[in-house]
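Enquirer:
Chains as they are written, first to last, in the numbering used here: chain A, 34 to 519; chain B, 5 to 502.
Here it is, written out as structure tokens:
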């Protein structure tokens with residue numbers, strides 16, 4: 034029994050932050066709720082710093098082996114608050130002065146805490162609790178806008194989340210019955226002699242929860258509706274932060290399963306293939322940039338799952354964590370562009386963005402090409418390491434399929450980039466880069482609309498960060514650990 | 005020093021793109037200045053290079069966890085191409101500065117070109133597969149922006165997209181191949197020198213040919229060879245003149261350079277086994293390219309298709325060098341040397357031809373050869389330069405093209421006599437093709453879509469003439485170039501024969 038309250042300082046800071054933000058917000062007039070938001074941001078930053086300071090500590094489990102403190106948890110503790118901070122920044126314009134400004138921040142903090150706990154859970158029961166903590170605030174977050182679309186998004190998310198949560202609990206119960214324990218260390222031993230069919234049922238049921246959080250097939254139905262129905266900042270959070278916790282949680286669970294009894298690698302590879310393929314194919318026909326991004330996050334989950342198909346092999350965890358960090362920053366950058374221009378609801382409306390808002394257009398291009406996996410962005414490095422690890426793990430065919438999918442994805446990302454960057458327009462010859470205005474420009478007033486400055490700033494910062502992270506991948510890889518503890 | 009050479013244009017590009025208030029003359033001077041410094045830097049690298057191994061090497065860990073490093077260096081294969089890149093980009097900078105009609109949005113155009121120059125220089129200097137790939141992909145993005153942003157014609161955006169998609173498909177195949185090499189090497193590495201020294205996938209059954217297939221498809225799309233060439237004519241037709249020049253002169257060489265630098269030395273066994281495939285693809289490209297060129301009515305499309313033809317010769321030579329049996333080493337060295345000289349020669353000549361085509365467009369608004377006639381009267385200097393470029397392009401002795409093609413055919417004849425004889429027919433058609441084009445444009449009754457105005461302006465003359473002068477210099481005094489290339493070609497041949 035290790036009871037070390039100090040070992041959980043980053044998580045505790047998130048919890049205290051949620052409570053403190055809620056209390057602060059309750060006593061503040063509506064016009065001054067930004068103070069609560071600032072408090073939430075401060076606590077996220079504090080949690081991030083605490084995690085960075087705690088990271089060099091020894092890898093160990095605490096609280097009777099239920100919570101692991103290792104490289105994977107350390108990474109999640111840094112990536113999740115950093116992503117949540119970006120969400121708060123890009124949301125500034127949208128939530129400022131809103132009646133529910135504080136609620137938004139509290140829900141983000143609680144959702145982040147849930148994601149971190151998912152990543153660190155080393156016990157099936159803690160995993161279930163973390164799942165609930167990572168899910169329930171998000172139902173509210175999806176409906177935060179309080180409009181019909183938001184309600185639909187929240188309801189869809191809720192129904193699917195509850196269904197799959199119960200399935201997950203069923204899986205937990207089955208595995209407990211087979212293994213005689215819920216903490217992973219004991220479970221790994223207990224399951225080695227389990228009957229194959231029961232183990233398969235239990236595993237599949239258990240995986241339902243994390244796959245839902247990750248937005249992977251077959252639990253992906255909520256993603257496009259939630260993304261297009263919820264407010265843009267909430268959508269950015271929904272598609273980014275839970276994935277981080279869920280994929281690390283999946284990685285941990287998978288390494289517990291006895292490979293000689295159950296061939297879970299093939300199962301995961303199949304899930305990865307169907308997730309990336311379905312996400313990409315469905316993204317083709319989208320004309321709403323947010324729905325397009327929603328399907329894009331599904332396909333990204335597919336690439337991330339590749340690392341899980343070779344879980345436990347050399348470099349798999351490291352590449353997964355790198356890809357998660359890269360995905361988080363790039364995806365948030367793309368959402369930040371959408372948040373900066375909330376009135377542009379079709380891809381065609383982005384026409385002329387490059388002329389009027391060159392920085393925003395550049396950020397969009399970098400982030401979308403980043404999601405394709407174009408060097409030198411961070412996602413390219415993530416894909417490269419994940420592909421290499423997968424090939425090295427004996428699944429070259431999976432890498433080939435993923436490369437084909439990357440190619441397919443290029444089409445729809447370009448459908449967004451092309452209008453945004455189009456310099457040409459029919460009619461009179463352009464007069465160079467003059468300031469916008471004049472009669473000829475009236476038709477493009479949408480793309481020239483004043484962007485939300487905070488979201489635009491976040492977009493540019495995220496695009497720069499994806500380039501910096503890409504260039505500094507070597508350094509980051511050195512920081513990441515490849516060991517898990519149980 | 006090499007890193008400075010590679011990244012100096014990028015630094016200038018960043019300054020240009022961030023500094024909004026820069027006046028147009030300042031942009032011109034910065035662009036021309038940096039482009040002028042680059043050839044000097046490459047010349048300094050060339051003079052201080054003491055072969056035959058890798059010189060000016062920098063090897064820093066970059067992604068130690070992933071086995072990739074920041075490893076750059078030069079040898080006899082990369083130096084000529086670095087020099088070519090610097091020279092062609094200088095020509096484009098000079099060409100685009102010719103005053104009226106001013107280049108649209110000059111500041112961003114210049115920034116884009118400088119950034120593109122970095123990707124090209126970086127690719128030819130890269131000694132690490134991932135670094136190579138990064139520059140390879142970035143060059144695609146840069147060229148896409150050039151065509152989509154500054155291309156002419158209603159189809160520009162579509163052509164740019166086609167170019168992007170085709171070459172990006174290729175790059176993904178390339179990446180798959182690279183990951184295959186990485187996974188097969190022990191210890192895992194992306195370093196080209198290490199992979200060359202100890203090639204993985206030797207005697208490994210199907211894996212070697214499959215990886216070679218992936219890499220070859222990737223490079224073949226970029227080269228481009230038949231049947232992967234379909235992106236080339238629209239991209240060339242709709243790109244701005246300087247863009248076409250860079251695309252044909254430099255970007256196409258990334259494919260052929262990749263064959264010499266990566267495919268042949270790292271997969272020697274698979275290369276030898278399937279060398280005949282490359283010979284056949286080369287010959288088909290050479291003949292197909294020239295025959296389709298013959299059918300073109302547009303001057304620019306015609307030049308574009310001759311690129312397919314000239315790159316076909318390169319592939320023929322490289323394939324012949326892989327057929328170890330039935331030929332001596334000297335012949336194979338000659339073939340590889342010829343292939344590298346052809347890359348340089350084609351870059352110079354095609355660069356000049358595309359800039360000349362741009363002038364044609366500039367004056368008359370069309371590339372259609374039927375719209376023109378008797379141009380030699382009003383534009384004698386233009387006619388003279390075009391004639392020189394055309395003669396250089398058809399491989400007349402005295403120009404670099406002759407040196408290159410002579411070596412390619414002399415080196416390949418012993419190994420693949422039938423294929424070489426077929427490819428030789430290509431030269432014949434090329435000669436007819438260029439002469440016919442000259443005839444249609446410059447002789448006969450004077451005909452022009454609109455009054456052409458003045459002959460070449462100084463900036464136009466200064467951009468095209470040096471390229472042709474360099475071609476002439478190589479044609480008359482090839483020794484200085486061959487002395488650098490030959491040892492490196494010998495190394496490649498030895499590596500393939502392993």
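Ideal Cβ positions, reconstructed from N, Cα and C, are used throughout, including at glycine. Please read all numbers here as calculations on a predicted model, not as lab measurements.
Residue 119 (chain B): buried (16+ other C-beta within 10 angstroms of its C-beta) or exposed?
Expert: Reading the second chain from its first residue, position 115 is the one you call residue 119 (chain B). Flag for residue 119 (chain B) reads buried.
Enquirer: What is the rounded straight-line gap between the Cα of residue 492 (chain A) and the Cα of residue 382 (chain A)?
Expert: As a first step, residue 492 (chain A) must be located in the first chain, where it is residue number 459. As a first step, residue 382 (chain A) must be located in the first chain, where it is residue number 349. Distance between the alpha carbons of residue 492 (chain A) and residue 382 (chain A) is about 18 Å.
Enquirer: Which residues in the same chain have their Cβ closer than 6 Å to the Cβ of residue 97 (chain B), if we skip the five residues on either side of it in sequence?
Expert: Translated into positions along the second chain, residue 97 (chain B) becomes position 93. Excluding positions up to five away in sequence, the list reads 35, 36, 39.
Enquirer: The stretch 6-17 of chain B: which residues have C-beta closer than 8 Å to a C-beta of chain A, in chain order?
Expert: Answer in chain order: no residues at all.
Enquirer: Could you name the residues that DSSP lists as bridge partners for residue 78 (chain B)?
Expert: Position 74 of the second chain, counted from the first residue, corresponds to residue 78 (chain B). Paired residue(s): B:59.
Enquirer: Examine the Cβ distances between the stretch 388-402 of chain A and the stretch 446-453 of chain A and report whether three or more of them are shorter than 8 Å.
Expert: Yes: the two stretches touch, three or more of their Cβ pairs being nearer than 8 Å.
Enquirer: How close, in whole Å, do the beta carbons of residue 144 (chain B) and residue 171 (chain B) come, if the pair is a contact with beta carbons under 8 Å?
Expert: The sequence position of residue 144 (chain B) within the second chain is 140, counting from 1. The sequence position of residue 171 (chain B) within the second chain is 167, counting from 1. At roughly 5 Å, the Cβ-Cβ gap stays under 8 Å, so residue 144 (chain B) and residue 171 (chain B) are in contact.
Enquirer: Within its chain, find whatever has a CB closer than 6 Å to the CB of residue 471 (chain A); leave out the 5 residues flanking it on each side and keep chain order.
Expert: For this step, residue 471 (chain A) is matched to residue 438 along the first chain. With a pLDDT of only 39 at residue 471 (chain A), under 50, the local geometry of the prediction cannot be trusted, and no value is derived from it.
Enquirer: For residue 145 (chain A), go through chain B and note every residue whose CB falls closer than 7 Å to its CB, in chain order.
Expert: The residue labelled residue 145 (chain A) in the question sits at position 112 within the first chain. Chain B residues near residue 145 (chain A): none, gap ~27 Å exceeds 7 Å.
Enquirer: Between which two residues does the alpha helix (DSSP H) holding residue 278 (chain B) run?
Expert: Position 274 of the second chain, counted from the start, is the residue given in the question as residue 278 (chain B). Premise fails: residue 278 (chain B) is in no alpha helix (DSSP H) and is neither H nor E.
Enquirer: Determine, using beta carbons only, whether residue 121 (chain A) and residue 149 (chain A) come nearer to each other than 8 Å.
Expert: What you label residue 121 (chain A) is simply residue 88 of the first chain in a count that begins at 1. What you label residue 149 (chain A) is simply residue 116 of the first chain in a count that begins at 1. Not a contact, by the Cβ cut-off of 8 Å.
Enquirer: Can you look up residue 351 (chain B) in the DSSP assignment and give me helix, strand or coil?
Expert: The count along the second chain starts at 1 and reaches residue 351 (chain B) at position 347. Residue state, collapsed to three classes: helix.
Enquirer: Can you find a CB in chain B that lies within less than 8 Å of the CB of residue 476 (chain A)?
Expert: Residue 476 (chain A) sits at position 443 when you count from the first residue of the first chain. Low confidence applies to residue 476 (chain A): its pLDDT is 46, below 50, so where it sits in the model is not reliable, and the reading given next is rough at best. Judged by the 8 Å Cβ criterion, residue 476 (chain A) is not in contact with chain B.
Enquirer: Between the stretch 127-139 of chain B and the stretch 77-91 of chain B, are three or more C-beta pairs nearer than 8 Å?
Expert: The answer is yes - the stretch 77-91 of chain B touches the stretch 127-139 of chain B, with three or more Cβ pairs under 8 Å.
Enquirer: Output needed for residue 283 (chain A): all residues of its chain with C-beta closer than 6 Å, excluding positions within five of it in sequence on either side, in chain order.
Expert: The residue you call residue 283 (chain A) lines up with position 250 of the first chain. 243, 341, listed in sequence order.
Enquirer: I'd like the span of the alpha helix (DSSP H) that includes residue 95 (chain A), first residue to last.
Expert: Start at 1 with the first residue of the first chain, and residue 95 (chain A) comes out as number 62. Taken as a continuous stretch (DSSP letters only), residue 95 (chain A) belongs to no alpha helix (DSSP H), being part of the beta strand (DSSP E) at 93-95.
Enquirer: To the nearest whole angstrom, what separates the beta carbons of residue 256 (chain A) and residue 272 (chain A), a pair I think is in contact under 8 Å?
Expert: Translated into positions along the first chain, residue 256 (chain A) becomes position 223. Translated into positions along the first chain, residue 272 (chain A) becomes position 239. Yes, they are in contact, since the Cβ atoms of residue 256 (chain A) and residue 272 (chain A) sit about 7 Å apart, within 8 Å.
Enquirer: Between the stretch 45-79 of chain B and chain A, which residues of the former have CB atoms less than 7 Å from a CB of the latter, in chain order?
Expert: Correct list: 65, 66, 67, 68, 69, 70.
Enquirer: Quick check on residue 463 (chain B) - is its C-beta less than 8 Å from some C-beta in chain A?
Expert: Within the second chain, the letter at position 459 stands for residue 463 (chain B). Not closer than 8 Å to any Cβ of chain A, the Cβ of residue 463 (chain B) fails to qualify, so no.
Enquirer: Please go through the same chain and pick out, in chain order, the residues whose beta-carbon is closer than 7 Å to the beta-carbon of residue 364 (chain B), but skip the five residues on each side of it.
Expert: Indexing the second chain from 1 puts residue 364 (chain B) at position 360. Around residue 364 (chain B): 303, 371.
Enquirer: Can you tell me which of the three DSSP states residue 377 (chain B) falls into?
Expert: Residue numbering aside, residue 377 (chain B) sits at position 373 when the second chain is read from its first letter. If DSSP states are grouped into helix, strand and coil, residue 377 (chain B) belongs with the strands.
Enquirer: Bridge partners for residue 287 (chain A) per DSSP, in chain order?
Expert: Counting from one through the first chain, the residue named residue 287 (chain A) turns up at place 254. Beta-bridge pairing links residue 287 (chain A) to no other residue.
Enquirer: What are the complete alpha helix (DSSP H) segments, minimum 4 residues, inside the stretch 418-500 of chain B?
Expert: If we require 4 residues or more, the alpha helix (DSSP H) runs fully inside the stretch 418-500 of chain B come out as 421-446, 462-480, 483-500.
Enquirer: How many Å lie between residue 7 (chain B) and residue 70 (chain B) at the Cα?
Expert: Reading the second chain from its first residue, position 3 is the one you call residue 7 (chain B). Reading the second chain from its first residue, position 66 is the one you call residue 70 (chain B). Residue 7 (chain B) and residue 70 (chain B): Cα-Cα distance of roughly 22 Å.
Enquirer: Over the uninterrupted alpha helix (DSSP H) stretch that includes residue 102 (chain A), give me the two end residues.
Expert: In the first chain, the residue the question calls residue 102 (chain A) occupies position 69. Run containing residue 102 (chain A): none in the alpha helix (DSSP H); it sits in the beta strand (DSSP E), 100-102.
Enquirer: Can you pull the chain A residues whose beta carbon is under 7 Å from the beta carbon of residue 332 (chain B), in chain order?
Expert: By one-based count along the second chain, residue 332 (chain B) stands at place 328. Chain A residues near residue 332 (chain B): none, gap ~39 Å exceeds 7 Å.
Enquirer: If you follow the alpha helix (DSSP H) that residue 317 (chain B) is part of, which residue opens it and which one closes it?
Expert: For the purposes of this step, residue 317 (chain B) is taken as the residue at position 313 of the second chain. Residues 303-326.
Enquirer: Go ahead and label residue 86 (chain A) buried or exposed: buried means 16 or more other beta carbons lie within 10 angstroms of its beta carbon, across all protein chains shown.
Expert: Indexing the first chain from 1 puts residue 86 (chain A) at position 53. That one is exposed.
Enquirer: Residue 266 (chain B) lies in the alpha helix (DSSP H); which residues open and close that run?
Expert: Mapped onto the second chain, residue 266 (chain B) falls at position 262. Neither: residue 266 (chain B) is in no alpha helix (DSSP H) and is coded neither H nor E.
Enquirer: Short of 7 Å in beta carbon distance, which residues of its chain neighbour residue 114 (chain B), apart from the five on each side in sequence? Order them along the chain.
Expert: The count along the second chain starts at 1 and reaches residue 114 (chain B) at position 110. Hits under 7 Å: 20, 31, 35.
Enquirer: So, at 7 Å on beta carbons, what are the nonlocal neighbours of residue 186 (chain A) in its own chain, with the 5 sequence-adjacent residues on each side left out?
Expert: The residue labelled residue 186 (chain A) in the question sits at position 153 within the first chain. Excluding residues within five positions, the ones whose Cβ falls inside 7 Å are 175, 176, 258, 259, 262, 263.
Enquirer: Mapping the DSSP letters down to three states, classify residue 464 (chain A) as helix, strand or coil.
Expert: On the first chain, residue 464 (chain A) is found 431 positions in, with the first residue counted as 1. Its pLDDT being 39, under 50, residue 464 (chain A) is placed unreliably in this model, and the coordinates cannot settle the point.
Enquirer: Can you give me, in chain order, the residues of the stretch 169-197 of chain B that have a beta carbon less than 8 Å from any beta carbon in chain A?
Expert: Going along the stretch 169-197 of chain B in chain order, one finds 169, 172, 173, 176, 177, 179, 180, 183, 184, 186, 187, 192 with a Cβ nearer than 8 Å to chain A.
Enquirer: How about the stretch 318-337 of chain B and the stretch 276-294 of chain B: do they share at least three Cβ pairs that are nearer than 8 Å?
Expert: Output reads yes: the stretch 276-294 of chain B touches the stretch 318-337 of chain B.
Enquirer: Rounded to the nearest angstrom, what separates residue 461 (chain A) and residue 362 (chain A) at their Cα positions?
Expert: Against the first chain, residue 461 (chain A) aligns to sequence position 428. Against the first chain, residue 362 (chain A) aligns to sequence position 329. The predicted position of residue 461 (chain A) is uncertain, since its pLDDT is 39 and thus under 50; no value can be drawn from it.
Enquirer: Which residues of chain B have a Cβ atom closer than 9 Å to the Cβ of residue 251 (chain A), listed in chain order?
Expert: Counting from 1 along the first chain, the entry for residue 251 (chain A) is found at position 218. Those within 9 Å of residue 251 (chain A) in chain B number zero; the least Cβ separation is about 27 Å.
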